[in-house]
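Start counting the sequence shown at 1; every next residue gets the next number (the working numbering). Ideal Cβ placement from N, Cα and C applies to all residues, glycine included. None of these values were measured; they are calculated from a predicted model.
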Amino acid sequence: MDILLYLIPIALLLGSIALAAFLWSLKSGQFEDMEGAANRILFDDEDTSQQLLANSEKSPAEKDLKVQHKASTPD
């Protein structure tokens with residue numbers, strides 16, 4: 001029974017730390033956009049799909065010219 005003198009304060013301390021962490025996450029906006037992260041991981045950006053479409057419409061000669069131009073310009 002003497003162990004309860006140690007376990008109860010430890011449990012209360014850990015519970016209060018968990019509550020403080022939860023309240024901090026609410027204040028900092030961690031739960032504001034629950035759908036956004038799921039959508040960002042599942043769906044491509046519009047810019048990426050537009051760039052791929054633009055690159056596929058170019059002829060191979062234009063692509064080679066662009067690569068040569070990038071290689072010849074110093075950084």
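- DSSP, read as helix, strand or coil, puts E35 in helix.
- Apart from the 5 residues on each side of it in sequence, S25 sits with its Cβ closer than 8 Å to the Cβ of F31 in its chain, given in chain order.
- DSSP places G15 inside the alpha helix (DSSP H), whose first and last residues are L4 to K27.
- Within the model, the alpha-carbon separation for D33 versus L7 is close to 38 Å.
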